[in-house]
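Following the numbering used here, the numbering of the sequence shown begins with 31 at its first residue and continues without gaps.
Don't be surprised by glycine CBs; every beta carbon is placed ideally from N, CA and C.
Owing to the predicted nature of the structure, the values given are computational and were not obtained by experimental measurement.
Inspection log for the structure reproduced underneath, given as structure tokens.
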Amino acid sequence: MSAHRIEQRTADGSSTLSHPAHGQTYHSLDGAWTQARERYARGARLAERAHELARLGRARLRLLDVGTGLGLNLAAALEALEGTGVVLVATSLERDAALLEQVAREPREPESLERRHAHVRAAIRAALQAPGAVNVPLAGGTLALRVGDARETLLALPEYERFDAVFLDPFSPRVEPELWSRDFLAAVAGRMAPGSALATYSAAVEVRAALAAAGLRVGLGARVGRKREGTLASPDLDLPALPPRSARRVARRASAGTGGFAAGDAEGAAGIL
Ligand SMILES: C[S@@+](CC[C@H](N)C(=O)[O-])C[C@H]1O[C@@H](n2cnc3c(N)ncnc32)[C@H](O)[C@@H]1O
């Protein structure tokens, strides 16, 4: 790996990188691959949704992946859809082209990750080689990789485009606040199809309030590693309830208007604290 991004082994044997400027890791050190599978693929109900879509005679699950990063969440999405008869149609937003170049070259371990990640790398390589292409093949489905600031690339998607699942995985608000703003989260919410679910590692009151203010139902994401809880959101699904006290704080903050992070909202590196 590049000297600027230090590779770190995580507790489940998969590795991640640390960011060259602010030092946060791209995944939880409790297990990068575990986080991708449990926080994102399972949290956003990919397998269940794929089975529902298959019953409706639909062959594609549309995923919005905010923060491509190393592509582990995309690999977990491929794994979740295996055996469902539904292929992944992913739109992935990433502003760091140098990171994508690096990711496209490097194999990932362990084997269960590498088997799916090889498809992700091939798709990222193809997308970088054909920047004008809308979609490149991804394991029977497609990847639309949008390189640039997600606040712009999301807005530039065709107006009709909607998603069956959303992975919301920017770095924490302390170092990269842009993608946690109420405006951006409202734009994400506006792209969610009926029956869709969003998953994020953040459990910050302000993030939950922003999702609620955008008209979504907000629920509790499961414990993953040492991270006690994350957040789920959906336009219409019944989600695991937030503890009553949290739910009251979220409702108060959502109706308080413009939002903004307070000191008590601080969270650590992606998915850790
Ligand atoms: C925690 S990492 C994502 C890890 C990734 N989901 C994975 O599965 O490997 C956060 C990513 O969001 C990207 N990011 C942060 N701010 C962004 C922005 N405004 N627009 C697009 N991407 C952004 C970062 O460059 C970084 O790659």
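In chain order, what residues of the same chain have a beta carbon less than 6 Å from the beta carbon of F291, not counting five sequence neighbours either side?
-> Here residue 291 is taken as the residue at index 261 of the sequence shown, counted from 1. Same-chain partners within the cutoff: P203, E236.
D179 vs T230 beta-carbon contact at 8 Å = Stepping through the sequence shown from its first residue, residue 179 is reached at position 149. Stepping through the sequence shown from its first residue, residue 230 is reached at position 200. Against a cut-off of 8 Å, the Cβ pair of T230 and D179 comes out as no contact.
Under the criterion of a Cβ to heavy atom distance below 7 Å, does T40 qualify as lining ligand 1?
-> The residue given as residue 40 occupies position 10 in the sequence shown. Result no, Cβ not under 7 Å from ligand 1.
Starting from P188, trace the alpha helix (DSSP H) both ways and give me its first and last residue.
-> Numbered from 1 along the sequence shown, position 158 holds the residue referred to as residue 188. Premise fails: P188 is in no alpha helix (DSSP H) and is neither H nor E.
Return the Cβ separation of A66 and A105 in integer angstroms, given the expectation that the two are a contact with Cβ distance under 8 Å.
-> Your numbering for residue 66 matches position 36 in the sequence shown. Your numbering for residue 105 matches position 75 in the sequence shown. A66 to A105, Cβ: 7 Å. Contact.
Can you name the start and end residues of the beta strand (DSSP E) that A51 belongs to?
-> In the sequence shown, the residue the question calls residue 51 occupies position 21. Premise fails: A51 is in no beta strand (DSSP E) and is neither H nor E.
Report whether the distance from the Cβ of A180 to the nearest heavy atom of ligand 1 is below 7 Å.
-> Taking the first residue of the sequence shown as 1, we reach residue 180 at position 150. For ligand 1, at least one heavy atom lies less than 7 Å from the Cβ of A180.
Any idea what DSSP makes of F193, helix, strand or coil?
-> Position 163 of the sequence shown, counted from the first residue, corresponds to residue 193. Here F193 sits in strand by DSSP.
Out of V177, R79, T121, state which residue places its alpha-carbon closest to the alpha-carbon of G113.
-> Numbered from its first residue, the sequence shown carries residue 113 at position 83. Minimum Cα distance to G113 is reached at R79.
Would you identify the three-state DSSP class for R181, choosing helix, strand or coil?
-> Position 151 of the sequence shown, counted from the first residue, corresponds to residue 181. Helix.
Using 8 Å as the Cβ pair cut-off and three pairs as the minimum, do the region 109 to 126 and the region 87 to 98 touch?
-> Output reads yes: the region 87 to 98 touches the region 109 to 126.
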